[in-house]
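This report concerns only the one structure given below.
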Amino acid sequence: MSTDGHTSPLGPPSESKRRQLAADLRSLVSVSAVVDQSAELQTYAYDASFLTQLAPHPPDAAVIARSAEDIMAVVRYAAERGIPVTPRGAATGQTAGSVALGGGIVIALNAMDRVLEIDVPNMQVFCEPGVVHAKLNEQLAPHRLIFPPDPGSSKMATVGGMASTNAHGMRAVKYGPTSSWVLGLKVILADGRLIETGSVGSRAKQSSAGLELTKLFVGSEGVLGIITRLRLKLLPIPPARAIVLSVFDRLENAGEAVQAVFGGGISPSAVEILDERCIQAVNIYRPRMTLPNAEAVILFEVDGNPAGVRWDAEKIADLVRPLARSVDWSDEPSRIAALWEARSVVGAAVGVLRPGSNRAYCGEDICVPVARIPETLRAIQDISAKHNIPIATYGHIGGGGLHPGHLIDGRDSDDIRRVLLVADEIHDLGLRMDGTTTGEHGVGASRAPYMAREHGPALDVMRQIKQALDPKGILNPGTIFASEASAVEIPINAEAAVGLPANAEVDHG
Ligand SMILES: Cc1cc2nc3c(=O)[nH]c(=O)nc-3n(C[C@H](O)[C@H](O)[C@H](O)COP(=O)(O)OP(=O)(O)OC[C@H]3O[C@@H](n4cnc5c(N)ncnc54)[C@H](O)[C@@H]3O)c2cc1C
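Straight run, no breaks: the sequence shown in this note's numbering ends on number 741.
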């Protein structure tokens with residue numbers, strides 16, 4: 233509970249307290265900026281979640297951080313007063329995780345965006361948390377190095393946000409999630425202490441020294457500490473790629489094809505599915521694409537040396553052919569780019585299926601066992617029909633990740649009510665299929681109500697870790713740990729949903 237009137241569930245502090253807070257913060261920081269004008273604070277009230285479109289939450293103040301020292305000073309100040317502190321990267325998260333649901337201070341990390349050192353011989357990079365993923369890889373490319381995780385939000389998401397959500401992306405099926413690539417972190421704890429995980433000053437690529445704190449902070453969504461520097465492992469850029477386009481008349485065959493490829497000893501670098509509605513949407517949105525109409529298409533990508541890539545692509549085609557209506561592969565860069573364009577526009581394209589509609593990012597990220605994907609896709613279609621909400625589904629099928637895209641009229645409160653029921657049933661479906669409510673986007677506030685069911689007694693252990701590191705509960709309250717009220721009971725302000733932004737043309741990964 234706050235001593236200063238900030239901590240949820242207390243209401244907002246008075247205007248004079250807000251002014252005092254901003255004045256205090258300005259006196260603490262040396263190179264960072266403090267934002268306290270209410271119009272500017274509105275920009276911090278949202279992330280990419282449907283939840284914050286329904287119920288935006290501006291903070292009482294935002295600090296645009298430019299140094300770890302300033303962050304330490306702000307956190308110490310907040311800890312003394314029990315004021316909530318919410319770290320924020322690019323706010324591309326779809327779970328309300330970077331939004332100050334309990335008021336207090338948002339610490340924006342996106343201005344700390346320097347690549348500090350590219351250590352080419354040791355194949356690692358040191359960088360600040362606000363570096364945008366695509367920009368990092370642009371700087372690594374001249375060294376023929378790559379940081380392999382690749383979220384669809386690559387051109388926006390920060391590496392600090394990626395580490396905090398353990399982002400995956402298309403190539404996680406071969407290269408693993410962000411956690412596989414983080415060697416060490418500098419983290420500011422809830423009491424203002426700065427620690428370095430992964431051994432102080434280390435440049436080693438391996439370590440068995442003690443508890444693996446790096447992995448504890450990766451995926452912790454800002455509830456255990458604020459990441460101020462990352463040491464990331466790199467890989468040489470694979471010299472060649474090929475892509476296999478396979479078309480299926482039955483979803484079940486698509487699921488079997490994925491199993492056949494892995495069973496055949498091939499490890500694709502990406503395996504992406506588009507369902508029938510996604511195919512229709514892409515063809516309307518980009519008529520020159522001419523994807524074949526079918527129940528599903530799967531794109532398999534392989535990478536490596538040129539001869540090996542051709543061998544893998546041919547082998548995939550052979551394995552998939554008995555199950556597919558058609559299969560063809562190419563290692564032509566233009567063909568590869570065209571097919572990836574079809575995949576990357578799908579998130580925006582689905583909007584054409586219901587003119588004037590908006591994507592509602594809720595229940596958008598389940599992950600199920602690969603063998604249960606066809607069953608899951610059919611169940612999503614049933615949920616869509618039951619609630620009369622069109623859903624187009626695509627995803628990282630190689631790892632079982634599915635992104636159902638729900639299309640609603642954001643001006644219609646009944647659509648909003650029904651899409652929240654859809655999200656609830658999809659989360660339930662993920663768990664019933666022996667999967668998870670989130671394959672890569674994280675929990676935030678949107679999925680916090682499902683964590684007790686998802687984790688059982690393990691959630692208590694997570695709470696104990698949180699309590700040990702943040703006894704006052706100031707770091708990102710409302711994220712991961714929340715009341716167990718049903719997700720559909722989240723306060724709904726239908727008016728706030730009016731005029732939801734149209735889908736942008738980005739990879740809704
Ligand atoms: C179009 C689109 C496509 C996407 N595609 C993918 C995809 O393919 N794969 C995928 O995994 N995700 C995807 N996402 C989700 C999102 O981009 C990722 O979760 C991303 O990692 C978030 O990065 P961010 O910088 O925007 O973090 P934010 O959204 O700002 O924050 C996310 C969480 O991390 C915490 N946080 C941020 N920075 C720090 C820090 N320095 N220290 C401590 N905590 C911090 C925040 O408090 C919050 O809880 C997509 C999102 C969009 C909008």
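Glycine included, C-beta positions come from ideal geometry on N, C-alpha and C. Predicted model only: the values in this text are computed from it and were never measured.
- When DSSP states are grouped into helix, strand and coil, residue 249 belongs to the helix group.
- Residue 675 is positioned such that its CB atom lies closer than 8 Å to that of residue 683.
- Residue state for residue 541 is assigned as helix, using DSSP reduced to three classes.
- Taking the Cα of residue 327 as reference, the smallest distance to any Cα among 528, 282, 567 and 662 is reached at 282.
- Counting only runs of at least 4 residues, the segment 289 to 330 fully encloses the following alpha helix (DSSP H) elements, listed from N- to C-terminal order: 300 to 313.
- Between residue 697 and residue 703, the alpha-carbon positions lie close to 9 Å from each other.
- Fewer than three pairs of CB atoms, one per stretch, sit closer than 8 Å, so the segment 331 to 340 makes no contact with the segment 460 to 474.
- Under the 8 Å Cβ criterion, the segment 634 to 645 counts as touching the segment 614 to 626, having at least three qualifying pairs.
- Pairing residue 406 with residue 501 gives a Cβ-Cβ distance under 8 Å.
- Residue 453 holds the alpha-carbon nearest to the alpha-carbon of residue 708 among 514, 453, 268 and 544.
- Within 7 Å of the C-beta of residue 385 there is at least one heavy atom belonging to ligand 1.
- Taking C-beta separations shorter than 8 Å and ignoring five residues to either side along the sequence, the partners of residue 416 in its chain run 428, 429, 430, 431, 434, 446, 462 and 463, following chain order.
- In summary, residue 666 is exposed, with fewer than 16 beta-carbon neighbours lying within 10 Å of its beta-carbon over all protein chains present.
- For the pair residue 688 and residue 598, the Cα-to-Cα distance works out to about 18 Å.
- Membership of residue 663 in the alpha helix (DSSP H) is indicated by the continuous run 645 to 664.
- Not one heavy atom of ligand 1 is found less than 7 Å from the C-beta of residue 422.
- Burial check for residue 662: the Cβ neighbour count within 10 Å reaches 16 or more, so the residue is buried.
- At least one heavy atom of ligand 1 lies closer than 7 Å to the C-beta of residue 326.
- The nearest non-hydrogen atom of ligand 1 is 7 Å or more from the C-beta of residue 284.
- Under the Cβ criterion (8 Å, minimum of three pairs), the segment 247 to 254 does not count as touching the segment 554 to 568.
- Sequence-distant Cβ neighbours of residue 567 in its own chain, meaning closer than 8 Å and more than five residues away, are 475.
- Straight-line spacing of the CA atoms in residue 303 and residue 422 works out to 11 Å.
- Remark: fewer than three beta-carbon pairs, one from each stretch, lie closer than 8 Å, so the segment 487 to 494 and the segment 573 to 583 are not flagged as touching.
- By the Cβ criterion, the segment 642 to 650 is not in contact with the segment 531 to 550, since fewer than three pairs of Cβ atoms, one from each stretch, lie closer than 8 Å.
- Contact check for residue 389 against residue 318 fails: the beta carbons are separated by 8 Å or more.
- Just measuring C-alpha positions, the residue of 539, 331, 616 and 259 sitting nearest residue 677 is 331.
- In this model, residue 561 and residue 412 are separated by some 30 Å (Cα to Cα).
- Closer than 7 Å to some heavy atom of ligand 1: that describes the Cβ of residue 394.
- Judged by the Cβ position, residue 566 fails to qualify as a neighbour of ligand 1 at the 7 Å threshold, every heavy atom of the ligand being at least this far.
- Relative to the non-hydrogen atoms of ligand 1, the Cβ of residue 485 never comes closer than 7 Å to any of them.
- Runs of the alpha helix (DSSP H) lying entirely within the segment 543 to 628 and spanning at least 4 residues, in chain order: 565 to 581 and 605 to 619.
- The count of Cβ pairs closer than 8 Å, one atom from the segment 464 to 473 and one from the segment 503 to 516, stays below three, leaving the stretches out of contact.
- The DSSP-derived three-state label of residue 460 is strand.
- Residue 529 carries a strand assignment under DSSP once its states are collapsed to helix, strand and coil.
- Here the C-alpha atom of residue 377 lies approximately 50 Å from the C-alpha atom of residue 646.
- For residue 699, the uninterrupted alpha helix (DSSP H) segment begins and ends at 690 to 701.
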